[in-house]
Amino acid sequence: MTGWVPPSARAGQRRVAAAAASATRGKVVVTAVALGCIVGALAAAWDKRAGAGSAGVHCGQIVRDGGGAVDPGWMPVPEHVRNARDPVVKLTYRRDVLAAAVREWRAAASALGHVATFELDQSHGPLGGGGGFSLDDSSLDDGRQLGPTRPIGSGRPRKEAGARGTGTVSSDGGALALHPEPAMPADVQVDEELRALILKTRSADKGEVMLGLANGVMLCQNPKICWWNGGNILKSFLEVTWRQLGVRNLILAVLDDETEEYMRATWPGVPTFRPAAKIPNTQEGTHPANRVSALKYHLLLQFISTGTGVLITDLDLVYVQNPFAHLHRDADVEGQTDGFSEKWSHGQLSGVSDPTMGWGGGGLYAQVFTINVGCLYVRPTARSANLMMRVAARMAGEKGWDQQIFNEEALFPAHGRSTTGLVSIRIMDYLRFVNSKTFFRSERRRFIPGISAAADSLPVMVHMNYHPDKHKRMLCLIARYHGGQVDACDHMPGGSEPGTR
Numbered sequence: 011m012t013g014w015v016p017p018s019a020r021a022g023q024r025r026v027a028a029a030a031a032s033a034t035r036g037k038v039v040v041t042a043v044a045l046g047c048i049v050g051a052l053a054a055a056w057d058k059r060a061g062a063g064s065a066g067v068h069c070g071q072i073v074r075d076g077g078g079a080v081d082p083g084w085m086p087v088p089e090h091v092r093n094a095r096d097p098v099v100k101l102t103y104r105r106d107v108l109a110a111a112v113r114e115w116r117a118a119a120s121a122l123g124h125v126a127t128f129e130l131d132q133s134h135g136p137l138g139g140g141g142g143f144s145l146d147d148s149s150l151d152d153g154r155q156l157g158p159t160r161p162i163g164s165g166r167p168r169k170e171a172g173a174r175g176t177g178t179v180s181s182d183g184g185a186l187a188l189h190p191e192p193a194m195p196a197d198v199q200v201d202e203e204l205r206a207l208i209l210k211t212r213s214a215d216k217g218e219v220m221l222g223l224a225n226g227v228m229l230c231q232n233p234k235i236c237w238w239n240g241g242n243i244l245k246s247f248l249e250v251t252w253r254q255l256g257v258r259n260l261i262l263a264v265l266d267d268e269t270e271e272y273m274r275a276t277w278p279g280v281p282t283f284r285p286a287a288k289i290p291n292t293q294e295g296t297h298p299a300n301r302v303s304a305l306k307y308h309l310l311l312q313f314i315s316t317g318t319g320v321l322i323t324d325l326d327l328v329y330v331q332n333p334f335a336h337l338h339r340d341a342d343v344e345g346q347t348d349g350f351s352e353k354w355s356h357g358q359l360s361g362v363s364d365p366t367m368g369w370g371g372g373g374l375y376a377q378v379f380t381i382n383v384g385c386l387y388v389r390p391t392a393r394s395a396n397l398m399m400r401v402a403a404r405m406a407g408e409k410g411w412d413q414q415i416f417n418e419e420a421l422f423p424a425h426g427r428s429t430t431g432l433v434s435i436r437i438m439d440y441l442r443f444v445n446s447k448t449f450f451r452s453e454r455r456r457f458i459p460g461i462s463a464a465a466d467s468l469p470v471m472v473h474m475n476y477h478p479d480k481h482k483r484m485l486c487l488i489a490r491y492h493g494g495q496v497d498a499c500d501h502m503p504g505g506s507e508p509g510t511r
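So for the sequence shown, the working numbering puts the first residue at 11; every next one is plus one.
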């Protein structure tokens with residue numbers, strides 16, 4: 011139904027029109043409106059033209075029963091959103107458009123010297139947000155006027171009326187007005203067949219998938235092209251993840267004819283697709299694993315644009331338990347660490363001392379190991395989407411190791427002309443999502459010998475990222491945790507050389 015206005019919103023529109031006519035007196039009148047017309051009310055609240063409150067101009071179309079259009083009325087809607095069959099895709103896009111409109115409205119109100127807050131109802135729903143909107147403003151029908159904003163740094167900070175919590179703000183708009191919160195990219199193109207595969211495969215309860223990338227190197231039919239002395243890593247990965255653990259929300263991106271044929275002949279039930287995107291020319295001549303990884307971020311962007319949470323996974327790891335049962339999901343990205351001690355993994359402050367500086371000779375600096383992008387959970391948020399765009403853009407424009415570029419974008423603070431990825435980060439428990447140096451060396455006595463392993467030492471997975479004999483160590487872990495042979499890994503050295511502990 012295009013242009014329909016709920017009865018509860020009509021009075022609000024009349025008040026908006028009256029405010030536009032009396033704008034010279036400095037009044038701004040805004041009322042809560044129904045979700046279908048919220049953008050129109052926001053636009054009319056600060057649009058000084060006569061007739062700005064016209065419902066026919068700003069009110070968007072309403073999504074009903076998972077169908078219909080999702081055009082908010084004031085900006086073009088990407089074709090992939092308009093044509094999406096999943097109503098959650100449309101609702102997610104509409105939510106992000108509304109959030110952007112709220113931020114723009116608040117910045118405009120601040121620039122005009124007004125103090126007002128727009129508060130979203132935080133009740134939980136399928137999209138993680140509220141179903142209602144409310145506006146606390148100081149220019150209502152009782153004659154109270156909007157107060158002028160204070161210049162930055164002047165006077166005492168004020169309490170923000172109607173805001174949740176007890177925080178204060180020193181100025182109106184401030185950094186948010188200059189650099190608004192990111193919005194979900196609206197121009198991401200997702201192949202319709204891939205979109206259908208994602209929506210069909212993702213888990214019904216949380217809307218999540220596991221995504222792996224595979225090429226002929228992982229098959230290692232020609233030992234000269236793999237660097238772990240032979241062994242079909244893809245087969246071992248699927249034997250555990252698909253067959254033993256029964257992870258059915260797994261999707262595999264196959265990158266060459268050999269792997270596509272192997273999957274069709276040997277694992278016909280595993281959902282697969284052939285990405286249309288090509289490895290960037292800038293990565294020619296880099297390590298084979300890096301060339302494959304260069305595609306991760308473009309694919310992740312497409313997946314999360316469908317509203318799907320993604321656990322991106324390397325194949326040279328052994329899942330002992332279903333990883334989806336051990337995620338926290340409280341950050342934009344949640345990743346395994348390459349650290350091999352608690353302080354290296356979770357972060358620590360270290361100090362320097364320069365006696366020649368006297369009492370000012372000390373100082374602290376932060377240390378934390380990099381996130382391993384071979385086991386990384388990405389929530390479908392605007393921040394994570396923008397991070398993937400940043401990494402993908404750099405991979406397309408410069409030669410580099412994708413994991414290093416990812417960590418630079420995710421961890422480094424903004425400085426000079428460099429902006430920040432803005433994501434929130436959680437590091438997975440390094441004793442549960444375990445790298446091979448932690449398992450076989452730094453925490454060896456916790457895991458080995460198997461017969462005397464600590465009662466709480468059962469990992470969620472072990473990633474063979476530190477050792478070149480990847481497949482041999484995968485096989486010993488499979489035998490131990492899925493075959494009941496508790497001493498299967500006891501003979502493996504801690505380092506890459508025989509006899510090391």
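All C-beta atoms in this analysis are idealised placements derived from N, C-alpha and C, irrespective of residue type, glycine included.
Residue i vs residue j beta-carbon contact at 8 Å
i, j, result
"residue 381", "residue 357", "no"
"residue 315", "residue 198", "yes"
"residue 255", "residue 281", "no"
"residue 307", "residue 444", "no"
"residue 220", "residue 260", "yes"
"residue 475", "residue 348", "yes"
"residue 91", "residue 103", "yes"
"residue 283", "residue 386", "no"
"residue 383", "residue 412", "yes"
"residue 454", "residue 504", "yes"
"residue 485", "residue 303", "no"
"residue 194", "residue 96", "no"
"residue 477", "residue 446", "yes"
"residue 289", "residue 305", "yes"
"residue 243", "residue 409", "no"
"residue 351", "residue 452", "yes"
"residue 467", "residue 456", "yes"
"residue 88", "residue 196", "yes"
From the options, residue whose alpha carbon lies closest to that of residue i
i, options, result
"residue 440", "406, 473, 238", "473"
"residue 391", "312, 483, 270, 253", "312"
"residue 210", "360, 388, 420, 318", "318"
"residue 359", "377, 342, 352, 347", "377"
"residue 213", "332, 93, 232", "332"
"residue 272", "224, 235, 98, 257", "224"
"residue 556", "302, 442, 483", "Residue 556 is absent from the structure shown; the chain starts at 11 and stops at 511."
"residue 218", "104, 406, 258, 195", "258"
"residue 361", "353, 279, 375", "375"
"residue 292", "437, 429, 107, 406", "406"
"residue 379", "109, 481, 354", "354"
"residue 200", "364, 287, 244, 216", "287"
"residue 320", "290, 388, 253, 269", "388"
"residue 216", "98, 232, 351, 108", "98"
"residue 93", "109, 205, 190", "205"
"residue 450", "438, 510, 468, 277", "510"
"residue 338", "438, 429, 241, 251", "438"
"residue 490", "363, 330, 277, 428", "330"
"residue 488", "222, 253, 109, 100", "253"
"residue 334", "191, 251, 89", "251"
"residue 285", "108, 270, 363", "270"
"residue 279", "249, 403, 367, 364", "249"
"residue 232", "203, 202, 268", "268"
"residue 190", "109, 202, 222, 237", "109"
Residues that DSSP places opposite residue i in a beta bridge
i, result
"residue 387", "321, 344"
"residue 445", "473"
"residue 327", "473"
"residue 315", "Note: residue 315 sits in no beta bridge, so no partner."
"residue 283", "263"
"residue 425", "428"
"residue 436", "344"
- prompt: Is the region 422 to 439 in contact with the region 392 to 401, if contact means three or more CB pairs nearer than 8 Å?
  reply: yes
query: Any contact of the region 458 to 465 with the region 494 to 501, i.e. 3+ C-beta pairs under 8 Å?
result: yes
- prompt: Taking the runs of the alpha helix (DSSP H) that are 4 residues or longer, which of them lie wholly in the region 351 to 423?
  reply: List check, alpha helix (DSSP H) in window: 352 to 356, 392 to 407, 412 to 421.
query: Would you call the region 363 to 373 and the region 400 to 420 touching, i.e. three or more CB-CB distances under 8 Å?
result: no
- prompt: Which runs of the alpha helix (DSSP H) spanning at least 4 residues fall entirely within the region 472 to 500, listed in chain order?
  reply: 480 to 491
query: Can you find at least 3 beta carbon pairs, one from the region 222 to 231 and one from the region 322 to 330, that sit closer than 8 Å?
result: yes
- request: With a floor of 3 residues, list each beta strand (DSSP E) that falls wholly inside the region 208 to 263, ordered by position along the chain.
  value: 218 to 224
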